[in-house]
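J.: In the working numbering, the protein residues as written are 1 to 136.
Here a beta-carbon is modelled for each residue, glycine too, at the ideal position from N, C-alpha and C.
Dumping the structure here so I can ask a few things about it.
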């Protein structure tokens, strides 16, 4: 299982309004630094005064031809939008649970912890929302 696989499942099942930084963890602990500073800053901006993002024009190649991949719109401006770090701890043949942690709580946990990582039980304790990704 790769993060892109979890993103696909998450995209199909998530019904929560917000912006999300999705992390797949295959270990017992997820290092806080797996969420980069620029990602934290973007999540905080979307939750606060605002974040503008231009969606890139992706090209698709087919043989010698290149086509522009359809995109929903050109850009987005988000303000006062709930922002989450969503962590999915993964073990084969076990339930996949997405833990939605508000960015402010994630930063508080990261900055207040004596450890450099979090466990699944810590993610569960700090999460605002939990989503079972095993549903069909």
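Going by DSSP in three states, residue 17 sits in which element: helix, strand or coil?
T.: Here residue 17 sits in coil by DSSP.
J.: Using CA atoms only, rank isn't needed, just tell me which of 113, 108, 99, 1 is closest to residue 44.
T.: Of 113, 108, 99, 1, the residue nearest in Cα terms is 108.
J.: Would you kindly work out how many angstroms separate the C-alpha atoms of residue 34 and residue 23, rounded to a whole number?
T.: Straight-line Cα distance between these residues: approximately 8 Å.
J.: Please return the same chain residues whose Cβ sits closer than 7 Å to the Cβ of residue 78, not counting the five positions on each side in sequence.
T.: So the qualifying residues of the chain are 19, 46, 50, 51.
J.: Using the three-state DSSP reduction, which class does residue 89 fall into: helix, strand or coil?
T.: Reduced to three states, the DSSP call for residue 89 is strand.
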